[in-house]
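Visitor: Let me give you the structure first, and then I'll get to my questions.
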Amino acid sequence: MQISYSALSDFKNCPLKYKYKYIDHIKGPKSKDQLFGTWIHEALKITHTPQTMPPTERQVLEHFVSRWDNSVFASEQESQTTLHQGIRILKDYYAKNYPGDFNVINLEMPFLTPLTTASETHIISGRIDRIDKRPDGSFEIIDYKTSKKMPGQKEIDHDLQLAIYNLGIINQWPSLFQEKKVPIYLSLYFLKHGEKLTSQRTPEQLKQTQELLLADIAAIQKENVKPTGFAPRQNPLCDWCEFQHQCPLWRHKFQSAPPPDEPSLQAALAEYLQIKSSELQNKKRLAALQNAINQYCDSHNLDRVFNNQGYVTRAMQKRISYDPTLLRAILKPAGLWSRVLSFDAKKLKPLLTIIPYALRQQIDSAGREKEFKVIRAGFTRK
Numbered sequence: 278m279q280i281s282y283s284a285l286s287d288f289k290n291c292p293l294k295y296k297y298k299y300i301d302h303i304k305g306p307k308s309k310d311q312l313f314g315t316w317i318h319e320a321l322k323i324t325h326t327p328q329t330m331p332p333t334e335r336q337v338l339e340h341f342v343s344r345w346d347n348s349v350f351a352s353e354q355e356s357q358t359t360l361h362q363g364i365r366i367l368k369d370y371y372a373k374n375y376p377g378d379f380n381v382i383n384l385e386m387p388f389l390t391p392l393t394t395a396s397e398t399h400i401i402s403g404r405i406d407r408i409d410k411r412p413d414g415s416f417e418i419i420d421y422k423t424s425k426k427m428p429g430q431k432e433i434d435h436d437l438q439l440a441i442y443n444l445g446i447i448n449q450w451p452s453l454f455q456e457k458k459v460p461i462y463l464s465l466y467f468l469k470h471g472e473k474l475t476s477q478r479t480p481e482q483l484k485q486t487q488e489l490l491l492a493d494i495a496a497i498q499k500e501n502v503k504p505t506g507f508a509p510r511q512n513p514l515c516d517w518c519e520f521q522h523q524c525p526l527w528r529h530k531f532q533s534a535p536p537p538d539e540p541s542l543q544a545a546l547a548e549y550l551q552i553k554s555s556e557l558q559n560k561k562r563l564a565a566l567q568n569a570i571n572q573y574c575d576s577h578n579l580d581r582v583f584n585n586q587g588y589v590t591r592a593m594q595k596r597i598s599y600d601p602t603l604l605r606a607i608l609k610p611a612g613l614w615s616r617v618l619s620f621d622a623k624k625l626k627p628l629l630t631i632i633p634y635a636l637r638q639q640i641d642s643a644g645r646e647k648e649f650k651v652i653r654a655g656f657t658r659k
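Those letters in the sequence shown? Residues 278 to 659, per our numbering, in order.
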């Protein structure tokens, strides 16, 4: 199986989007944010393409403006605001990163790196924005980001995309990085903030990355054989998804010709959402009333209060928590420790991300998956 970081990211966010893009090969239009990122990346490629005379800031900006397309924006005002933001980003970048100051090894370099198990070999593919050779002889991978938010250093240190790029460059030049042990630095350049965050990976971390990738590939393969595989998953990126009109979570919103039974559905929806709304309001009100009753009972030393409709009683409840370390020291010598241990699937889930792939396969084979659908209400913001 050949797969990229982008495909893995799509699968984790929404299996159905992965299916539409990489199995059904349905092509959707690029969003305005994606196009903005593409135009910025093109300008930066021109900035750093090795040549006798580096391009001037003006030449870089002229190329960026020449690619601009007003039609992808909702209004002329939005288009002009975004255009000026792009110009500001490029000016700021050029001022801090004069192209003649860098030894650029490659731009938008495609790579393939194998992942091998006892029974099969998979290929991880990708494209690295830029690779520099630093003055000390080390190499630096640089990936440009046009995102609005800049994550913390801890998130950069665990970024999967950077780890994949690290594996890719090692496979590209094994004599440099496996034999000579030339250091590799991994950087994300957040263009809207003008900041570059840098990290590194140890061999142990790269090994763990390979295990995680194999587990992700196994999850995709598992979905591929399930009759109900690749189910949609609502996530924060849904509003920008190019497949909303096909998705079972969204396409009802866009239907142009309602079916004959649509009126009965709308009536059921209206009543259901009204009841759920009242239920939520009642929960909030009940909590406020319970607080008022508690305060009265505390101030008058009471545990039951009455009116002509009935009464409300307070009852003391106790929950005891134990120190697991102390409890283990007491019960284990007595041969009783195993009797208080029980399996917890919630604790198993995070463990699956760090255990070896072969062991995870054994655990997966011991699992039994049950599928069922639940109904949840969602309310339109007013």
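We treat Cβ as the ideally placed atom computed from N, Cα and C, and that holds for glycine. Quantities reported herein were computed from a predicted structural model and do not represent experimental measurements.
For Ser343, which three-state DSSP category applies?
Guide: The answer is helix: DSSP assigns Ser343 an H, G or I state.
Visitor: Does the segment 461 to 469 touch the segment 407 to 421, meaning 3 or more C-beta pairs lie closer than 8 angstroms?
Guide: Touching, yes.
Visitor: Tell me which residues share the same chain as Asp409 and place their Cβ nearer than 8 angstroms to its Cβ, disregarding the 5 neighbours each side in the sequence.
Guide: Same-chain partners within the cutoff: Phe379, Asn380, Val381, Ile382, Phe416, Glu417 and Ile419.
Visitor: Are the Cβ atoms of Phe313 and Thr423 separated by less than 8 angstroms?
Guide: Contact: yes.
Visitor: By a C-beta neighbour count over all protein chains shown, 10 Å radius and 16 as the cutoff for buried, is Tyr466 buried or exposed?
Guide: Classification of Tyr466: buried, given that the 10 Å Cβ count is 16 or more.
Visitor: Any idea if Thr486 is buried or exposed, counting beta-carbon neighbours within 10 angstroms, 16 or more meaning buried?
Guide: Label assigned to Thr486: buried.
Visitor: Taking Arg276 as the reference, which of Ala606, Thr602, Leu613 and Cys574 has the closest Cα?
Guide: Given that the chain is displayed from residue 278 to residue 659, the structure contains no residue 276 and the question cannot be resolved.
Visitor: If you follow the alpha helix (DSSP H) that Glu294 is part of, which residue opens it and which one closes it?
Guide: Checking the sequence shown, residue 294 turns out to be Lys, not Glu. Run containing Lys294: Pro292 to Tyr295, per the alpha helix (DSSP H) assignment.
Visitor: On a CA-only basis, which of Asp641, Gln438, Leu613 and Asn374 is nearest Ile405? Give me that one, please.
Guide: When each option's Cα is compared against that of Ile405, the closest is Gln438.
Visitor: May I have a chain-ordered list of the alpha helix (DSSP H) segments no shorter than 4 residues that lie completely inside the segment 475 to 502?
Guide: Counting only runs of 4 or more, we get 480 to 502.
Visitor: Am I right that Leu360 and Val337 are in contact with their C-beta atoms under 8 angstroms? What's the rounded C-beta distance?
Guide: Rounded, the Cβ-Cβ distance is 14 angstroms, inconsistent with contact.
Visitor: If we count the other Cβ atoms within 10 Å of its Cβ and call it buried at 16 or more, is Lys304 buried or exposed?
Guide: Its Cβ having fewer than 16 others within 10 Å, Lys304 is exposed.
Visitor: Within 10 Å of its beta-carbon, does Pro509 have 16 or more other beta-carbons around it, so buried, or fewer, so exposed?
Guide: Classification of Pro509: buried, given that the 10 Å Cβ count is 16 or more.
Visitor: With DSSP collapsed to three states, give me the class of Phe467.
Guide: Strand, per DSSP.
Visitor: If you draw a straight line from the C-alpha of Asn374 to the C-alpha of Leu384, how long is it?
Guide: Rounded to the nearest angstrom, the two C-alpha atoms are 15 angstroms apart.
Visitor: Compare the C-alpha of Leu625 against each of Ser615, Arg637 and Arg616 and name the closest.
Guide: Closest option to Leu625, Cα to Cα, is Arg637.
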